[in-house]
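Protein chains: 2
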Amino acid sequence: MQEQYPIRKLFPGLEEGLYEEMMKHGDIREIPAGTVMLRKGQSIRSTMLILQGIVKLYQEDEEGNEFFMYDIEPGEACAVSMVCTYRQENSQVVAKALTDVTVLTIPLQYMDEWLGKYKSWHYFVIRTWRARYEELLNTINEIAFKNMDERLEFYIKGQVKKMGRQIKLTHQEIATDLNSSREVISRLMKKMEKNGWVIIHRNSFEWIKP
Amino acid sequence: MQEQYPIRKLFPGLEEGLYEEMMKHGDIREIPAGTVMLRKGQSIRSTMLILQGIVKLYQEDEEGNEFFMYDIEPGEACAVSMVCTYRQENSQVVAKALTDVTVLTIPLQYMDEWLGKYKSWHYFVIRTWRARYEELLNTINEIAFKNMDERLEFYIKGQVKKMGRQIKLTHQEIATDLNSSREVISRLMKKMEKNGWVIIHRNSFEWIKP
DNA sequence: GTCTATAGGTGATACCAGTCACACAGAAAA
DNA sequence: TTTTCTGTGTGACTGGTATCACCTATAGAC
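Going down the list, the protein sequences come from chains A and B.
Mapping of the first sequence onto UniProt numbering: position 37 corresponds to residue 37, and the numbering continues sequentially without gaps.
Mapping of the second sequence onto UniProt numbering: position 43 corresponds to residue 43, and the numbering continues sequentially without gaps.
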């Protein structure tokens with residue numbers, strides 16, 4: 001691996017030997033925006049660390065409805081791809097490249113070998129699982145206890161945090177992520193605009209509310 | 001620790017030295033039914049492995065509404081209690097002893113030490129996180145895509161799997177777990193009874209449908 | 001500038017689920 | 001037995017959100 005990505009900054013706190021192994025054995029892959037990186041039920045033979053771009057994880061049901069779970073960003077890893085025991089998956093998780101994405105792919109054998117050699121790797125793996133678990137916990141909180149308007153606000157705030165206040169999403173895209181319908185999102189957005197929380201443009205909007 | 005619990009059978013596949021350390025350093029605790037074992041926001045200083053009984057995990061929102069996540073059974077561990085990095089928790093998770101429970105408590109220092117010494121311990125920890133992650137995934141699937149009748153059926157089937165076909169739960173308790181209301185559950189149960197899926201008694205019911 | 005495709009707006013309606021009110025039933029206590 | 005308590009059954013109503021129908025606005029192509 002060429003030293004072109006700042007993996008020490010992206011994944012801080014790992015052991016020096018581990019960085020070297022990552023660079024030696026890791027495989028850099030460029031993935032164009034829109035690619036489905038992980039299909040539901042697919043068995044995984046490697047671990048992916050994100051170097052660049054954003055990967056979106058969502059669930060899909062039998063009828064093709066989607067439900068947004070969370071995004072993975074540079075410096076994070078795909079928990080779902082960190083398999084340690086083989087199991088026939090029936091989890092309906094799909095990972096899709098939201099932008100052009102660069103990943104560092106770690107073959108399963110090293111993933112395993114490093115567990116014995118590098119304590120920091122171990123912590124990294126657990127930290128990843130834990131972080132994802134907590135994201136799901138939050139998600140459950142939202143859909144179990146909150147109404148659509150609160151969920152929409154939560155969703156937009158999440159986007160703002162990652163993409164800035166200028167969000168390029170259509171109402172239809174948001175509706176898909178929240179497993180709602182365009183009309184509902186349109187109405188709620190309009191209401192938010194009336195409250196001065198947001199300015200709506202075509203294809204995008206700007207979040208004002210702090 | 002006295003050799004009175006079959007930890008080798010409950011937690012199979014671990015290293016012999018690890019079993020010995022678990023018995024040496026682990027602390028057995030008996031917890032009466034109904035005890036709240038883990039309150040939301042509580043910081044955790046030990047890991048709990050379940051030896052006996054059932055622990056229920058649920059979320060709680062600001063207004064005191066509950067939402068059932070999953071049960072932990074003998075041979076499993078409480079993922080939430082497996083902290084490795086200290087972080088101020090705001091996860092609203094509550095763990096409650098559903099029956100009288102016996103746990104093996106592992107002080108955090110060993111939890112950490114064993115990671116370096118025993119590969120099987122490492123796998124156990126990751127397996128635990130992964131399993132819980134998947135339970136949450138299923139839960140999201142249910143609430144995101146399904147109606148109350150389907151969710152109720154899913155819930156009951158989960159109970160049947162753990163407790164057998166004779167379920168001792170009131171409609172109110174089910175409603176609380178699903179964050180619904182008693183009347184709704186009563187109506188749906190009645191419909192299921194008409195379909196011959198279930199026989200309703202007072203305080204309990206019997207699940208017929210396979 | 002006009003056309004066309006796509007995004008967004010809005011009323012009408014339907015439906016599921018939550019809430020209120022109250023009746024009833026069975027078990028336990030008096 | 002009678003009372004009381006708790007669990008269940010059910011009609012009426014309400015509110016949130018999904019769906020349908022159709023309209024308007026805007027960007028980009030022609």
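Cβ coordinates follow ideal geometry from the N, Cα and C atoms, glycine included.
So, with DSSP's three-state summary, where would you put residue i?
i      : result
B/E30  : strand
A/I54  : coil
B/K96  : strand
B/D61  : coil
B/Q159 : helix
B/Y110 : helix
A/Y86  : Unreliable positioning characterises A/Y86 in this predicted model, as indicated by a pLDDT of 47, which lies under 50. The coordinate reading is nonetheless provided below. Note: A/Y86 maps to coil in three-state DSSP.
B/G13  : coil
B/Q4   : coil
Identify every residue that forms a DSSP beta bridge with residue i.
i      : result
A/M48  : A/T105
A/H201 : A/S204
A/A77  : A/L49
A/Q166 : A/E206
I think residue i touches residue j, with their Cβ atoms under 8 Å apart; what is that distance to the nearest whole Å?
i      : j      : result
B/T170 : B/N203 : 6 Å
B/T99  : B/I167 : At roughly 14 Å, the Cβ-Cβ gap does not stay under 8 Å, so B/T99 and B/I167 are not in contact.
A/N65  : A/N179 : 6 Å
B/D61  : B/Q92  : 7 Å
A/I31  : A/A97  : 5 Å
A/R165 : A/W207 : 5 Å
A/Y118 : A/L18  : 4 Å
B/L14  : A/H122 : Not a contact, Cβ separation roughly 16 Å.
Grab the span of the beta strand (DSSP E) containing residue i for me, first residue to last.
i      : result
A/I177 : Looking at the sequence provided, one finds Asp at residue 177 of chain A rather than Ile. That residue, A/D177, is in no beta strand (DSSP E); its alpha helix (DSSP H) goes H171 to D177.
B/M69  : E66 to I72
A/V36  : V36 to L38
Quick one: give me the first and last residue of the alpha helix (DSSP H) that residue i is part of.
i      : result
A/L137 : K119 to F145
A/M192 : R182 to K194
A/Q19  : Position check: residue 19 of chain A holds Tyr in this sequence, whereas Gln was assumed. Taken as a continuous stretch (DSSP letters only), the alpha helix (DSSP H) holding A/Y19 covers E16 to H25.
B/R8   : I7 to L10
Among the options, whose alpha-carbon lies nearest the alpha-carbon of residue i?
i                      : options                           : result
B/E73                  : B/Y110, B/F11, B/R45 and B/Y123   : B/F11
B/P6                   : B/Y123, B/T47 and B/L104          : B/L104
A/A144                 : B/G26, B/M23 and B/E63            : B/E63
A/R29                  : A/A79, A/R151, A/V101 and A/Q59   : A/V101
A/Y70                  : A/Y155, A/K194 and A/S181         : A/Y155
A/I50                  : A/R39, A/E206, A/E142 and A/T128  : A/T128
A/I106                 : A/L188, A/V125 and A/K191         : A/V125
B/M23                  : B/K146, B/M37 and B/R8            : B/R8
B/A33                  : B/Q52, B/E134 and B/M189          : B/Q52
A/R187                 : A/E173, A/M163, A/D149 and A/K209 : A/D149
A/K209                 : A/E183, A/K157, A/V184 and A/H25  : A/K157
A/I140                 : A/F68, A/I200 and A/Q109          : A/F68
A/H25                  : A/F205, A/R130, A/N147 and A/S46  : A/S46
B/Q59                  : B/R39, B/A77 and B/K161           : B/R39
A/M163                 : A/I44, A/N195, A/F205 and A/I200  : A/F205
A/R151                 : A/V184, A/T35 and A/G116          : A/V184
B/Q109                 : B/E15, B/M189, B/I44 and B/L14    : B/I44
B/A95                  : B/R130, B/G75, B/A131 and B/M48   : B/M48
residue 217 of chain B : B/M111, B/E153 and B/K56          : Given that chain B is displayed from residue 1 to residue 210, the structure contains no residue 217 of chain B and the question cannot be resolved.
A/E173                 : A/K56, A/Q4, A/E16 and A/E20      : A/K56
B/M82                  : A/E193, A/A131 and A/M111         : A/A131
B/D112                 : B/E16, B/E21 and B/Q4             : B/E21
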